[in-house]
Every structure is written in C-alpha cells, then in structure tokens.
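**Student:**
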Amino acid sequence: MRLKLKYSEIKDYSKEELLKMKKQAKIGLMNGEMFSTKREKGISPKETRKNIARINQRLKEL
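Just remember that my numbering sits 2 ahead of the position in the sequence shown, which is counted from 1.
(1) Quick one: grab the DSSP three-state call for Met3.
(2) In the DSSP assignment, find the alpha helix (DSSP H) that holds Lys17 and state where it starts and stops.
(3) Hey, would you say Leu64 sits closer than 7 Å to Lys28, going by beta carbons?
(4) Going by DSSP, what residue range makes up the alpha helix (DSSP H) through Lys48?
(5) Whose C-beta lies closer than 6 Å to the C-beta of Leu61 among residues of the same chain, with five residues either side of it excluded?
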C-alpha cells in the first residue's frame with residue numbers, strides 16, 4: 003500500500019476529477035480524516051497536504 007500520490011499518476015485524471023479530489027481532501031482535513039485518491043487508510047494530514055499541492059500543481063498546467 004502506497005501512501006503517496008505520485009505526480010505521474012495525477013496526469014491520468016481530468017480537470018474535473020482533480021477538482022473533485024481536491025475538494026474531498028480539504029473537507030477531510032477539516033474533519034480530521036485522512037485522504038488519498040486510492041481511498042487508502044493511514045494517510046497523514048501532512049501527506050494529505052502534499053497530495054493537495056501535487057493536485058494544485060497539475061491544475062495550473064491544464
């Protein structure tokens with residue numbers, strides 16, 4: 003089980019999917035939940051913020 007969302011994996015998602023994932027991640031952070039795109043358990047809030055940053059980086063490129 004991988005804890006990181008690799009940047010190369012993000013390229014496979016559409017803009018709409020990325021925005022949806024970002025929204026889910028932010029809601030999860032506010033609720034104290036963990037988030038990853040693969041719905042894995044045990045993702046730390048720090049890693050969640052990194053995943054959000056990777057999603058933001060990809061959205062800027064689109």
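Note that beta-carbon positions come from the ideal geometry of N, C-alpha and C, so glycine has one too. Fair warning: this is a prediction, and the values are worked out from it, not measured in the lab.
**Tutor:** This is what the structure holds:
(1) Here Met3 scores only 26 on pLDDT, less than 50, and its place in the model should not be relied on; the value that follows carries that caveat. Note: Met3 maps to coil in three-state DSSP.
(2) 17 to 32
(3) no
(4) 47 to 63
(5) Leu20
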